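Enquirer: First the structure, then my questions, so here it is.
2 protein chains.
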Amino acid sequence: MSKSTAERILDTAEQLFAERGFEGASLGEVANRVGIRGPSLYSHFESKWRLYEAVLERLLDPFFAMLDELAAMPPSPERSRASLERMVAHHVAHPNLARLVQQAALAGGPQLDLLVERWYRPFFQSLPAIIPGGGSSDSPESKRITAMIMGFNDMILGHVTLAPLHARLFGFDPLEKEAVAAHIDFLAALTVGGDPGFGGE
Amino acid sequence: MSKSTAERILDTAEQLFAERGFEGASLGEVANRVGIRGPSLYSHFESKWRLYEAVLERLLDPFFAMLDELAAMPPSPERSRASLERMVAHHVAHPNLARLVQQAALAGGPQLDLLVERWYRPFFQSLPAIIPGGGSSDSPESKRITAMIMGFNDMILGHVTLAPLHARLFGFDPLEKEAVAAHIDFLAALTVGGDPGFGGE
Chain A
1 MSKSTAERIL DTAEQLFAER GFEGASLGEV ANRVGIRGPS LYSHFESKWR
51 LYEAVLERLL DPFFAMLDEL AAMPPSPERS RASLERMVAH HVAHPNLARL
101 VQQAALAGGP QLDLLVERWY RPFFQSLPAI IPGGGSSDSP ESKRITAMIM
151 GFNDMILGHV TLAPLHARLF GFDPLEKEAV AAHIDFLAAL TVGGDPGFGG
201 E
Chain B
202 MSKSTAERIL DTAEQLFAER GFEGASLGEV ANRVGIRGPS LYSHFESKWR
252 LYEAVLERLL DPFFAMLDEL AAMPPSPERS RASLERMVAH HVAHPNLARL
302 VQQAALAGGP QLDLLVERWY RPFFQSLPAI IPGGGSSDSP ESKRITAMIM
352 GFNDMILGHV TLAPLHARLF GFDPLEKEAV AAHIDFLAAL TVGGDPGFGG
402 E
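If you're matching them up, the sequences are chains A and B in order. The opening position of the first sequence corresponds to residue 1 in my numbering, with each subsequent residue numbered one higher. The opening position of the second sequence corresponds to residue 202 in my numbering, with each subsequent residue numbered one higher.
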């Protein structure tokens with residue numbers, strides 16, 4: 001089963017956008033790496049922006065479908081642990097997801113707009129009980145929960161996006177099996193005092 | 202007191218490297234934004250790489266000097282909290298530091314080599330008691346400590362690099378005073394069961 005040209009374009013573009021961001025990646029390089037000419041690329045994706053959207057859709061639609069599923073499960077300590085395991089496993093299996101989110105946050109502009117409006121905001125708005133007032137509440141409890149959600153997001157994305165730095169420092173790949181298990185243990189231990197914030201209560 | 206041309210070049214290059222990474226930033230744009238011509242830029246910095254090194258030196262030398270100082274203090278719960286506060290305050294005051302580290306980790310190659318060899322590795326090698334065998338030990342305790350150090354690094358850098366995403370989602374800037382206090386409270390609470398890993402014991 002060989003991949004279609006469109007799939008090979010998406011694979012290559014995903015890798016380049018993950019390494020260099022939207023602005024830093026060029027369609028010419030995507031076409032070169034796939035081994036097609038520029039006009040042929042445009043017959044599949046009419047613009048760089050449309051290609052970027054298609055790359056994000058392929059990565060983010062399944063991820064947020066999984067988050068919706070996890071959020072709908074009844075809360076329990078076992079569910080918290082299982083949710084962490086599934087989220088981390090998803091990021092390890094699709095490391096460009098975290099890299100593209102981080103690139104968009106660093107670049108800002110329309111890339112971040114797209115990410116927030118199409119995926120992040122609808123998901124967080126479906127969790128009103130977790131962030132009172134959609135995060136705008138000034139209660140100490142709301143601030144504590146928001147700091148916790150941000151901390152978990154920093155760790156879950158950072159485990160992938162900072163992996164090359166940590167691999168060089170510690171002599172092993174943080175995305176390998178044993179290191180991923182230690183990462184999940186560390187995250188799970190943090191939830192003893194409370195839910196990590198992804199859930200349907 | 203007006204800034205020297207060299208300082209204005211460094212400020213502008215730092216901002217561009219933070220937003221777009223080394224490859225994505227161009228010397229032509231640095232010169233344009235500073236309002237000088239290309240040849241004038243080269244009279245201050247002989248190459249893009251030398252400019253990048255100078256930007257990193259200005260950001261990372263003071264940060265690692267601070268880490269050396271914190272690591273030399275005798276351990277105590279008060280010291281852990283104070284160390285967290287100083288590290289976070291430093292990143293909030295110099296947000297391009299975290300952005301440049303994250304950009305180098307995403308890009309890999311010579312940028313990450315420079316960061317690791319000149320700053321990160323010498324610092325971590327000065328902490329032999331914290332990471333037995335310089336991180337190469339396979340003991341469960343070593344794995345636990347390494348996962349904790351990575352988690353803290355993910356949160357401390359991610360708080361800055363993911364701030365634009367979290368600001369859009371939660372309606373406040375994570376780098377503003379109250380949000381920074383909640384972030385430090387969250388990090389400090391995590392150290393109740395153990396040292397965050399930055400220290401001289």
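Cβ atoms here follow ideal geometry from the backbone N, Cα and C, with glycine treated the same way. Fair warning: this is a prediction, and the values are worked out from it, not measured in the lab.
If you measure between the beta carbons of B:Val231 and B:Leu217, is that distance less than 8 Å?
Expert: Here residue 231 of chain B refers to the residue found at position 30 of the second sequence. Here residue 217 of chain B refers to the residue found at position 16 of the second sequence. Contact flag set, yes.
Enquirer: Go ahead and label A:Trp49 buried or exposed: buried means 16 or more other beta carbons lie within 10 angstroms of its beta carbon, across all protein chains shown.
Expert: As a first step, residue 49 of chain A must be located in the first sequence, where it is residue number 49. Exposed is the call here.
Enquirer: Classify A:Ala147 as helix, strand or coil using the three-state DSSP reduction.
Expert: As a working note, residue 147 of chain A is residue 147 in the first sequence. In the structure shown, A:Ala147 sits in a helix (DSSP, three-state: H, G or I).
Enquirer: If I follow the unbroken alpha helix (DSSP H) through A:Tyr42, where does it start and stop?
Expert: Along the first sequence, read from residue 1 onward, the residue named residue 42 of chain A stands at position 42. Note, A:Tyr42: alpha helix (DSSP H), Gly38 to His44.
Enquirer: Counting Cβ pairs closer than 8 Å, one from the segment 103-120 of chain A and one from the segment 365-384 of chain B, do we hit at least three?
Expert: Yes, they touch.
Enquirer: Answer yes or no: does any C-beta atom of chain B fall closer than 8 Å to that of A:Val116?
Expert: In the first sequence, residue 116 of chain A corresponds to position 116, counting from 1. Yes, because at least one Cβ of chain B sits closer than 8 Å to the Cβ of A:Val116.
Enquirer: Measure the CB-CB distance between B:Gly225 and A:Gly28 and report whether it falls below 8 Å.
Expert: Sequence index remark: in the second sequence, residue 225 of chain B carries index 24 (1-based). Sequence index remark: in the first sequence, residue 28 of chain A carries index 28 (1-based). Cβ atoms of B:Gly225 and A:Gly28: not closer than 8 Å.
Enquirer: How about B:Ile385 and B:Glu286: are their beta carbons less than 8 Å apart?
Expert: Numbered from 1 along the second sequence, position 184 holds the residue referred to as residue 385 of chain B. Numbered from 1 along the second sequence, position 85 holds the residue referred to as residue 286 of chain B. Cβ distance < 8 Å, so B:Ile385 and B:Glu286 count as in contact.
Enquirer: Mind checking the segment 77-107 of chain A against chain B and listing, in chain order, the residues whose C-beta falls within less than 9 Å of any C-beta there?
Expert: If the cut-off is 9 Å between Cβ atoms, the segment 77-107 of chain A has Arg99, Val101, Gln102, Gln103, Ala104, Ala105, Leu106 and Ala107 near chain B.
Enquirer: In chain order, what are the residue ranges of uninterrupted beta strand (DSSP E) at least 3 long that sit wholly in the segment 31-105 of chain A?
Expert: none
Enquirer: What did DSSP end up calling B:Ser157 once you bin it into helix, strand or coil?
Expert: Here chain B covers residues 202 to 402 and nothing more, so residue 157 of chain B does not appear.
Enquirer: Measure the alpha-carbon distance for B:Asp374 versus B:Ile237 and round it to whole angstroms.
Expert: The sequence position of residue 374 of chain B within the second sequence is 173, counting from 1. The sequence position of residue 237 of chain B within the second sequence is 36, counting from 1. One C-alpha to the other measures close to 34 Å.
Enquirer: So the candidates are A:His159, A:Phe22 and A:Pro122; which of them puts its Cα closest to the Cα of A:Asp61?
Expert: Mapped onto the first sequence, residue 61 of chain A falls at position 61. The candidate whose alpha carbon is nearest that of A:Asp61 is A:Pro122.
Enquirer: Going by CA-CA distance only, name the one from A:Ala182, A:Leu51 and A:Ala82 that's closest to B:Pro341.
Expert: Position 140 of the second sequence, counted from the start, is the residue given in the question as residue 341 of chain B. The option with the nearest alpha carbon to B:Pro341 is A:Ala182.
Enquirer: Between A:Asn96 and A:Phe186, what straight-line distance do the alpha-carbon atoms span, to the nearest angstrom?
Expert: On the first sequence, position 96 is the one that residue 96 of chain A refers to. On the first sequence, position 186 is the one that residue 186 of chain A refers to. Taking the straight line from one Cα to the other gives about 23 Å.
Enquirer: Where do the N-terminal and C-terminal ends of the alpha helix (DSSP H) with B:Phe387 fall, by residue?
Expert: Within the second sequence, residue 387 of chain B is the residue found at index 186, counting from 1. Here the alpha helix (DSSP H) through B:Phe387 covers Lys378 to Leu391.
Enquirer: Quick one: does B:Thr392 have its CB under 8 Å from some CB of chain A?
Expert: Along the second sequence, one-based indexing puts residue 392 of chain B at 191. Judged by the 8 Å Cβ criterion, B:Thr392 is not in contact with chain A.
Enquirer: Between the beta-carbon of B:Leu257 and the beta-carbon of B:Leu316, is there less than 8 Å?
Expert: Working through the second sequence from its first residue, we reach residue 257 of chain B at position 56. Working through the second sequence from its first residue, we reach residue 316 of chain B at position 115. Contact: yes.
Enquirer: Kindly indicate which three-state DSSP category B:Phe373 falls into: helix, strand or coil?
Expert: Here residue 373 of chain B refers to the residue found at position 172 of the second sequence. Here B:Phe373 sits in coil by DSSP.
Enquirer: Taking 8 Å as the threshold, find out whether the segment 353-361 of chain B comes into contact with the segment 149-160 of chain A through three or more Cβ pairs.
Expert: yes
Enquirer: Give every residue of the same chain whose Cβ lies closer than 7 Å to the Cβ of B:Leu211, excluding the five residues on either side of it in the sequence, and list them in chain order.
Expert: As a position in the second sequence, residue 211 of chain B is number 10, starting the count at 1. Excluding residues within five positions, the ones whose Cβ falls inside 7 Å are Ala255, Val256 and Arg259.
Enquirer: Helix, strand or coil for A:Leu165? Go by DSSP, reduced to three states.
Expert: By one-based count along the first sequence, residue 165 of chain A stands at place 165. A:Leu165 falls in the helix class under three-state DSSP.
Enquirer: What three-state label does DSSP hand B:Ala207 in the structure shown?
Expert: On the second sequence, residue 207 of chain B is found 6 positions in, with the first residue counted as 1. If DSSP states are grouped into helix, strand and coil, B:Ala207 belongs with the helices.
Enquirer: What separation, rounded to the nearest whole angstrom, lies between the Cα atoms of A:His91 and B:Ser281?
Expert: Against the first sequence, residue 91 of chain A aligns to sequence position 91. Against the second sequence, residue 281 of chain B aligns to sequence position 80. C-alpha separation (whole angstroms): 31 Å.
Enquirer: Could you check how far apart the C-beta atoms of A:Ser83 and A:Leu100 are, in whole angstroms? I think they sit under 8 Å.
Expert: By 1-based counting over the first sequence, the position of residue 83 of chain A is 83. By 1-based counting over the first sequence, the position of residue 100 of chain A is 100. About 22 Å separates the CB atoms of A:Ser83 and A:Leu100; that is not less than 8 Å, and the two are not in contact.
Enquirer: Taking only the alpha-carbon atoms, compute the straight-line gap between B:Gly335 and B:Gln326 and give it to the nearest angstrom.
Expert: Taking the second sequence and counting its residues from 1, the one referred to as residue 335 of chain B is at position 134. Taking the second sequence and counting its residues from 1, the one referred to as residue 326 of chain B is at position 125. For B:Gly335, the predicted structure reports a pLDDT of 49, less than 50, and the residue's modelled location is therefore unreliable. A value from the coordinates is still provided. Looking at the two C-alpha atoms, the distance is approximately 6 Å.
Enquirer: If the cut-off is 7 Å on Cβ atoms, which residues from the segment 148-168 of chain A count as contacting chain B, listed in chain order?
Expert: Met148, Met150, Gly151, Asn153, Asp154, Met155, Leu157, Gly158, His159, Thr161, Leu162, Pro164, Leu165, His166 and Arg168
Enquirer: Comparing the C-beta of A:Ala71 with each C-beta of chain B, is any distance below 8 Å?
Expert: Taking the first sequence and counting its residues from 1, one reaches residue 71 of chain A at position 71. Answer no: the Cβ-Cβ gap between A:Ala71 and chain B never drops below 8 Å.
Enquirer: Determine the burial state of A:Pro93: buried for a count of at least 16 other Cβ atoms within 10 Å of its Cβ, exposed for fewer.
Expert: Numbered from its first residue, the first sequence carries residue 93 of chain A at position 93. The amino acid occupying residue 93 of chain A in the given sequence is Ala; Pro does not appear at that position. Its Cβ having fewer than 16 others within 10 Å, A:Ala93 is exposed.
Enquirer: Starting from A:Leu112, trace the alpha helix (DSSP H) in both directions and tell me its first and last residue.
Expert: In the first sequence, counting from the first residue as 1, residue 112 of chain A sits at position 112. Per DSSP, A:Leu112 belongs to the alpha helix (DSSP H) from Gly109 to Leu115.
Enquirer: To the nearest angstrom, report how far apart B:Ser241 and B:Ser248 are at their CA atoms.
Expert: Indexing the second sequence from 1 puts residue 241 of chain B at position 40. Indexing the second sequence from 1 puts residue 248 of chain B at position 47. Between B:Ser241 and B:Ser248, the C-alpha separation is close to 12 Å.
Enquirer: Do you know offhand how far A:Ala189's Cα is from B:Gly372's?
Expert: Counted from its first residue, the first sequence places residue 189 of chain A at position 189. Counted from its first residue, the second sequence places residue 372 of chain B at position 171. Their Cα atoms are separated by approximately 29 Å.
Enquirer: Determine the direct distance from the alpha carbon of A:Phe63 to that of A:Glu14, and round the result to whole angstroms.
Expert: Within the first sequence, the letter at position 14 stands for residue 14 of chain A. Within the first sequence, the letter at position 63 stands for residue 63 of chain A. Taking the straight line from one Cα to the other gives about 15 Å.
Enquirer: Just to confirm my understanding: we take A:Gly21, look at its own chain, exclude 5 residues before and 5 after, and list those with CB closer than 6 Å. What are they?
Expert: Along the first sequence, read from residue 1 onward, the residue named residue 21 of chain A stands at position 21. Within the same chain, A:Gly21 has close Cβ partners Gln103 and Ala107.
Enquirer: Compare the C-alpha of A:Ala65 against each of A:Ser43, A:Tyr120, A:Tyr42 and A:Pro110 and name the closest.
Expert: On the first sequence, residue 65 of chain A is found 65 positions in, with the first residue counted as 1. Ranking A:Ser43, A:Tyr120, A:Tyr42 and A:Pro110 by Cα distance to A:Ala65 puts A:Tyr120 first.
Enquirer: Does the beta carbon of A:Lys3 come closer than 8 Å to any beta carbon on chain B?
Expert: Numbered from its first residue, the first sequence carries residue 3 of chain A at position 3. For A:Lys3, the answer is no, since every Cβ of chain B falls outside 8 Å of its Cβ.
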